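Below is one structure, written out as structure tokens; the observations come after it.
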Ligand SMILES: Cc1ncc(C[n+]2csc(CCOP(=O)(O)OP(=O)(O)O)c2C)c(N)n1
Ligand SMILES: Cc1ncc(C[n+]2csc(CCOP(=O)(O)OP(=O)(O)O)c2C)c(N)n1
Ligand SMILES: [Mg+2]
Ligand SMILES: [Mg+2]
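Protein chains in written order, with the working numbering: chain A, 20 to 339; chain B, 20 to 339; chain C, 179 to 527; chain D, 179 to 527.
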């Protein structure tokens, strides 16, 4: 049994993927030094031609990875800041995501984009605190947000093995998590949700680090409300069958999502539920505000993120 | 009375805005030649220091416009392709959009981004056919999609006068539209929707060029179903009061939106309706598929966009 | 998902390179003799002439960026490449794709949106690709190919192959951030890439002098990349410069940069015909036309014979392409993902 | 929306530049004498020393990128600027912001997340700005300031003002596409910008030699921008080079580029302290420390007196900053938009 941290799980996933397949390589800024955690020790183990320190040229190295993916490699690209994905949106969406369809299926595009520390990192302020996974869902890029160390391992392995581009968000709020694990961890198939807590009265869909908070709120409400907590794990493709199964039973829904409200993942989940399930009460979203820019001061930063007490109130409101 | 085309309306709006305020300037690729339409003749009229032909450096000229906006100008930046917004997502969202909050309100950021010909232009294929307005809604950037020539004029004027960044999408599918107008056209305030057709049984929210198609479908269904067509005009900030008023009455909703399904504007509209209105039937969305990449062949291109017959079927389904 | 449309009869569309190419087996064009090169330039010229006509008649939806006038660049560079090498191309890509050996019939079918097109009708002019020939795609985004080329070059080198990648782009692309980043990346990784700048004097309507501070070759050199300027209307001059850069890259000497001074005879894009644009004088166009790359080579080869051969080939290719079926609209979402569940449709089924 | 916190008592935080600055009126720092420049370098040094301490104690949430060691660059460049000029800064921005004359008390308050901070506690270290002093912001995205500077310079010139904009960035930024694009844009528009590259040898852990093909000045020159390299540990050398570039830019001679060879004594970011990184040898750090820019100027000025003055000033500033109120969490969304309806909250109210 190992007391595995989330960061170490990512690190192990990369190491195992590289050991299993010589086509896997890792590139990004300061990956040699392992600054962000997931690449720690990999350069010493696999060499500088499989763990590449890149200059400050995100656009070029993202397309560099695409070129390598089209010609036999399985690159993993690490980004130090979630909003660096804005900088390479063209390269990920317009080039990598579209390549296969535009060429009539001539190529596979096995590319993984890893963002360790997405969302708020207290004190990093406006340009470093985004949680922009909905952008990739909208664009149609496969997107995962692991909530636990085991899932971080399993989903990252699956992402690297996948033949399409996948963006992996590792929320800063989850990276401190630890978990007891035994033996070899299995990959977690993309597109499979996980019921983290069974319940009868209401389904709470929680994303990433908010899964732990949702479980806590569910525990707090124990006796009062029976809360089912569903962790989608993959946001695209979403496990709609799992949502249908859960909400079809509870017929009440709250989505807990640390991202901007408008056109977010919470909106999509609520929309699908409204289309497909005869809900007993209006669904609720607990999210960041519209167009949120996280202010620096800690109280303001926290106030811009969804709060457990808001989730509790929302759960109570839908079961009322 | 003038038979005003949509493109000419944009052109007139820019000309009038420049005549009214010497701080307004226009920049982009081939704006001198007026290649895309909206800037035709402006360089001859206002000079090369107010209508700037820019080199192929979208990122730099977007931030250039930001620098000018912070120091007294009101730049309008034209982009030739909707997906060029991917290329400058960093500059628009991380720099321009966030600037004001991050500096504690020290500056206004009057910037307009104009995309003439968004969405599918038959034959332009995968990288030129996006309709990515939901990305900006999610990020919180003001976003408008005018459906008619008069609205194109009025909303572009309002966008240029606004003290925040605004993205104006002029759908290729609307740019052929013409309309009889008289006298000086008024600005259209951002955030105000317009009921284009009153109805009793169902609200159809249609975006951009799809407003005309929705009106046609509503006419076709006349006698069978009484359809209200709501044109939000601004997608962010959205006129939620107008949605509430309409759907509160009809209690049935279909959204007709030429953009990718997941986390799109249609999802947001459906989500809000589900949260706030006791609907009599499950709402429906008629959109592009998830993560759509428009294939080149015309039949495939059209098949990837929402179709009038799909809207008709959806309307019938919700009133059934 | 659609399966590969196997067994489609492409017999009538014998590849222009002729003998070296067995059915179904992708072999780059053989451009080793002057006649080969003249033939390929003629093919490109006539191909795009036909394509212009098809845009006019609507056989090609949308439009194209014609390559006419720039043939010597594509042919000169591709003549310097070996069978395992690769290219990245641009929005103005027909010349590159053909010169690398793509089947003109299948390219025509692509432009006409047919299932047997190079990209099964999914890509069209701006996305034409043939990965079996190492063509990593035309590209609708200016400057986007360069960094893809660097990555492909690095990957090949890493796996022990001595593959070189040639990356084509225009003068306008010299101002794209990602391309400038790519020059640096290639330099520090000593990636076997040959950057080919087709300086045709304009980015759409913007003249180079108004757009490019400094010079193309000065820019490349500043990133530590050896750079030369050659007459892009002379296929041999281009080929020689490319051969030198290819040889150096192949022998681990790092990237090279070749600026080819050239000209497009037609408008930027077929849409331009509808506008009255005045950014180029008729005299300027005439002066460049007088330096035509085909005319230059003509005396040295059996031109009349080749011309007839190319005309016949294109006629067969055109007939074949137009007889090919269009893709099934039900397959509009095919090929979006290599694996996993199919994308949700825009309306529930 | 919150109103400007008017009337806040900042009396105890007299700006370091002293006499020239009246209450409430923004005036750039006066750096005209060696003593002024020494004083400012000392202020920056002690400010960041205090900030490091506040990161340790948690008064500053998150962390900072300390400027210690690079003081001569900010001070040398800002000494060359006039009152109407502007700057863009970086993630490592305290030095630039202070050297331009921002109130150290308000910058401290900002770093401690107080309502009376420069940005009302909304920005923190990486976004510190004071537009009244022409400081268009530190920036969390490497390379992002350069094009903003070009636009601001162009706008000023267009409105007939002879304003110059100095844009600071690191050696790492030399590889960012948007910065390279900005060099070109400045060149072709002859924008009055002085690009200041603070080459401290590393982008986080990556040494310049492994990252930058060619050289910084070679790159700028290739875009048509006159470029020089100076000793960035010598405030006077920096100032002289900056003065030349500023004068040329002001008199419509176009942009200039000054590379300053400098060094950061501390880790890249305060987080680095927790990691055992070995990318710089202790000998290398020691060698650069031996060339300290403050020690160099010390003999020429009444150093002990100034040091005491600065210490006293910082003590007052720190006490004031820590006594200032934190922003009201209810105002977390304030200042997002200049107009229109307020943003919808994350839960309906
Ligand atoms: C990044 C980007 N910006 C703008 C466009 C629109 N556009 C297509 S081609 C072109 C001009 C390209 O000029 P150049 O690189 O010289 O190539 P040429 O057309 O001359 O062959 C422009 C502006 C684009 N496709 N991509
Ligand atoms: C575009 C971008 N990529 C990566 C980062 C993360 N990051 C912050 S500072 C830095 C290194 C910057 O190096 P340099 O420009 O030399 O400035 P220095 O830190 O040495 O002052 C990196 C990689 C960032 N902020 N922005
Ligand atoms: Mg050109
Ligand atoms: Mg540095």
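All residues carry an ideal CB built from backbone N, CA and C; glycine is no exception.
Here the structure is a predicted model, which is why all the values come from computation and not from measurement.
Residue-level contact to chain B via CB, residue i, 8 Å cutoff
i             : result
residue 310/A : yes
residue 326/D : yes
residue 336/D : yes
residue 243/D : no
residue 97/A  : no
residue 154/A : yes
residue 382/C : yes
Closest by C-alpha distance to residue i, when choosing among the options
i             : options                       : result
residue 442/C : 398/C, 382/C, 432/C and 477/C : 382/C
residue 330/B : 98/B, 309/B, 239/B and 41/B   : 239/B
residue 169/B : 161/B, 189/B, 158/B and 162/B : 189/B
residue 79/A  : 192/A, 270/A and 106/A        : 106/A
residue 225/D : 258/D, 481/D, 205/D and 247/D : 247/D
residue 234/B : 275/B, 261/B and 206/B        : 275/B
residue 102/B : 172/A, 281/A, 250/A and 111/A : 111/A
residue 57/A  : 41/A, 29/A and 264/A          : 29/A
residue 264/B : 89/B, 247/B, 183/B and 100/B  : 247/B
residue 308/B : 175/B, 319/B, 281/B and 300/B : 281/B
Cβ of residue i within 8 Å of any chain A Cβ
i             : result
residue 222/C : no
residue 359/C : yes
residue 395/D : no
residue 146/B : yes
residue 275/D : no
Contact with chain C by residue i, beta-carbon distance below 8 Å
i             : result
residue 391/D : yes
residue 252/A : no
Interface flag, residue i vs chain D, CB-CB below 8 Å
i             : result
residue 426/C : no
residue 93/B  : no
residue 510/C : no
residue 190/A : no
Under 7 Å by beta carbon: chain A residues contacting residue i
i             : result
residue 525/D : 305, 329 and 333
Under 9 Å by beta carbon: chain C residues contacting residue i
i             : result
residue 345/D : Those within 9 Å of residue 345/D in chain C number zero; the least Cβ separation is about 16 Å.
7 Å Cβ cut-off: residues of chain B touching residue i
i             : result
residue 353/C : 74, 75 and 76
residue 532/D : Coverage of chain D is limited to positions 179 through 527, which leaves residue 532/D absent and any answer about it impossible.
residue 350/C : 75
Proximal residues of chain A, C-beta to C-beta of residue i below 9 Å
i             : result
residue 204/C : Residues of chain A passing the Cβ test: none, with the nearest at roughly 11 Å.
Neighbour list for residue i in chain B, Cβ cutoff strictly below 9 Å
i             : result
residue 304/C : 143, 144, 145, 146, 147 and 315
Residue i: contacting residues in chain D (beta-carbon distance under 7 Å)
i             : result
residue 366/C : 388, 389 and 391
residue 80/B  : 363
Contact between the region 168-181 of chain A and the region 24-38 of chain A: three or more CB pairs below 8 Å? yes
With contact counted as at least three CB pairs below 8 Å, one residue from each stretch, are the region 412-426 of chain D and the region 384-396 of chain D in contact? Touching, no, given that fewer than three Cβ pairs across the two stretches are closer than 8 Å.
I want to know whether the region 320-327 of chain D touches the region 262-270 of chain D - three or more CB-CB distances under 8 Å. yes
Does the count of Cβ pairs from the region 133-145 of chain A and the region 322-338 of chain B closer than 8 Å reach three? no
Go through the region 418-473 of chain D residue by residue and report every complete run of the beta strand (DSSP E) that reaches 3 residues or more, in order. 434-439
At 3 residues or longer, and completely inside the region 228-255 of chain B: list those beta strand (DSSP E) runs for me, N to C. Note on the region 228-255 of chain B: whole beta strand (DSSP E) runs with a minimum of 3 residues are 246-250 and 253-255, in chain order.
So within the region 334-386 of chain C, which uninterrupted beta strand (DSSP E) runs reach at least 3 residues, ignoring any that extend past its ends? 343-348 and 371-377
Touch check for the region 183-201 of chain B and the region 121-141 of chain B: three-plus C-beta pairs under 8 Å? Segments in contact, yes.
Using 8 Å as the Cβ pair cut-off and three pairs as the minimum, do the region 425-445 of chain D and the region 401-409 of chain D touch? Yes, the region 425-445 of chain D touches the region 401-409 of chain D.
With three or more C-beta pairs closer than 8 Å as the rule, is the region 509-520 of chain D touching the region 111-124 of chain B? yes
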